[in-house]
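Top line first, the protein sequences correspond to chains A and B. Going by this note's numbering, the first sequence opens with residue 1, and the numbers climb by one from there. Going by this note's numbering, the second sequence opens with residue 1001, and the numbers climb by one from there. One structure is given below, encoded as structure tokens.
2 protein chains.
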Amino acid sequence: MASTARSQAAADKRRLILDAAVKVFARQGFHACRVSDIADEAGVAYGLVYHYFSSKDEILDTVFLERWNVLLKVIAEVDRAEGSARQKLCDIASFIVDSYHHDPDVMKVIIVEVTRAANSFGRTHLPKIREAYSLISDVVAKAQQRGELRADVNPDFAALTFYGTIEQVLTGWIFELIPQSPEDMEEAKASIVDTICDGLDVIGLRAT
Amino acid sequence: MASTARSQAAADKRRLILDAAVKVFARQGFHACRVSDIADEAGVAYGLVYHYFSSKDEILDTVFLERWNVLLKVIAEVDRAEGSARQKLCDIASFIVDSYHHDPDVMKVIIVEVTRAANSFGRTHLPKIREAYSLISDVVAKAQQRGELRADVNPDFAALTFYGTIEQVLTGWIFELIPQSPEDMEEAKASIVDTICDGLDVIGLRAT
DNA sequence: GGTATCGTTGACTCGCGAGTCAACCAACCC
DNA sequence: GGGTTGGTTGACTCGCGAGTCAACGATACC
């Protein structure tokens, strides 16, 4: 109904600008780039950006929320499903790694400009970011109740470790500190979960 | 020799500005604050800041390097000392946690404005930051050779997990996501190492 | 006590880039 | 085909804040 040729074209333009913004943010960083860079990348006039978005900030907010809400939905679904804690954590890690594999730019922007940008957008979106921590914490807590995971680790702390490791791995890829071939990515999924669940100690050395 | 009353006073002023900058950076963030805020906080004239530092950036660089070099020295010393891997990792975690306990503002600035600021100062100081990863990786690798830690975990990956967890915990404290009484901090030291070394799984569930 | 040195001052410049706006144009409607 | 709506344009404004600089003042040295 609201889908005349005209309003469809408008929606496309908005998408076009959003996608261009992701590219530019990923390439130059949010603060280092100018709004004119986004307009140029999208091939539209400067002013049009302000027709679709009220500010430069709003563009980044939109990029972040669009993707983060998907992540939250996926984690919640994983939590509700049947399966072991290890499987669930693996599913979550896999989804994030696959997201990066599929579209490195969006993930780079989200992590570098929001999640890790504690003083600017990270602060604004702290509640949203905490939701993810909290959902992961739930997965751990439930598994502890089933006796599947050690009960003597604070589930919030476990969530911190799990998410922290994933973020570090993605950051490593983003800044080319660690290899990132498709095989490396596949391996990382397992490594993350194994390290978190099994620990670094050799078997048998484990403290009671 | 170079320690006339005058040059001593000059060194003190430099220190004064540096300390004021830490306070201001911690309170407002590097980008959000103005150089005049630093001058005000230090109780000196605007221009004097530029007598001691060539730019706003150089102030943050100085704050970061001063402290980070201490960290690198400590990790290297820990690595050289006798002791189990668990003890060494605990020493490193303790040093970082104690640093935060002793002077939260400096650590906040280092983490928020440099270490986590991947697109601005994090990029500039990447080599320095990597040194820390590399030193931690060495600690793990040596312990693996002694048969003390599992050999099937990439030591670089282990370093990522270890440092990532610590950074997340400090970030949690900085943004008041997790409790940070002196007892919490003491407990965190042990929790970090236990979780990393022992894993989340209940004993016996561990994969071969 | 005269003068060179160097710390200290704060008003000023200057470039940058986010956001505005008046005009323009193309599709749709009657 | 005249008019209305709504997308599109890009030159312009405007505030901000980093960095400059000319003048000032206190200490050291002879």
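No residue lacks a Cβ here, since even glycine has one placed at the ideal position from N, Cα and C.
Between Lys1189(B) and Ser1084(B), the CB-CB gap reaches or exceeds 9 Å. When the five nearest sequence neighbours on each side are left out, the beta carbons in the same chain lying within less than 6 Å of the beta carbon of Glu131(A) are those of Leu72, in order along the chain.
For Ile178(A), the chain B residues whose Cβ falls inside 7 Å of its Cβ are Asp1156, in order along the chain. Between Ile1136(B) and Tyr1100(B), the C-beta spacing is not below 9 Å.
Distance from the Cα of Thr195(A) is smallest, within the candidate group Phe64(A), Gly172(A), Thr161(A), for Thr161(A). Beta-bridge annotation (DSSP): Leu1149(B) is paired with Asp201(A). The DSSP-derived three-state label of Val1044(B) is coil. Contacts between His1031(B) and chain A, judged by CB atoms closer than 9 Å, involve His31, Asn119, Ser120 in chain order.
Counting along the chain, no alpha helix (DSSP H) covers Gln1180(B), and no H or E run does either. Interface annotation for the region 1160 to 1184 of chain B against chain A: Leu1160, Thr1161, Phe1162, Tyr1163, Gly1164, Thr1165, Ile1166, Glu1167, Gln1168, Val1169, Thr1171, Gly1172, Ile1174, Phe1175, Leu1177, Ile1178, criterion Cβ-Cβ distance under 9 Å. Within chain A, the residues whose beta carbon sits less than 8 Å from that of Arg1130(B) are Leu177, listed in sequence order. Against chain A, the CB of Cys1197(B) has a partner CB under 9 Å away; the residue lies at that interface. Chain B places a beta carbon closer than 9 Å to that of Val112(A), counting this residue as a contact. Three or more Cβ pairs drawn from the region 1111 to 1120 of chain B and the region 18 to 37 of chain A lie within less than 8 Å of each other, which places the two stretches in contact. Three or more Cβ pairs closer than 8 Å define a contact, and the region 171 to 184 of chain A falls short of that threshold against the region 1178 to 1187 of chain B.
When DSSP states are grouped into helix, strand and coil, Cys90(A) belongs to the helix group.
Shown here is that no member of the region 1040 to 1071 of chain B has a Cβ falling below 7 Å from a Cβ of chain A. DSSP, reduced to helix, strand and coil, places Asn1069(B) within a helical segment of the structure shown. Chain-order list of chain A residues neighbouring Val1153(B): Ser191, Asp194, Thr195, Leu200, by C-beta distance under 8 Å. A direct Cα-Cα distance of roughly 37 Å separates Ser1055(B) from His51(A). Shown here is that no member of the region 1073 to 1091 of chain B has a Cβ falling below 7 Å from a Cβ of chain A.
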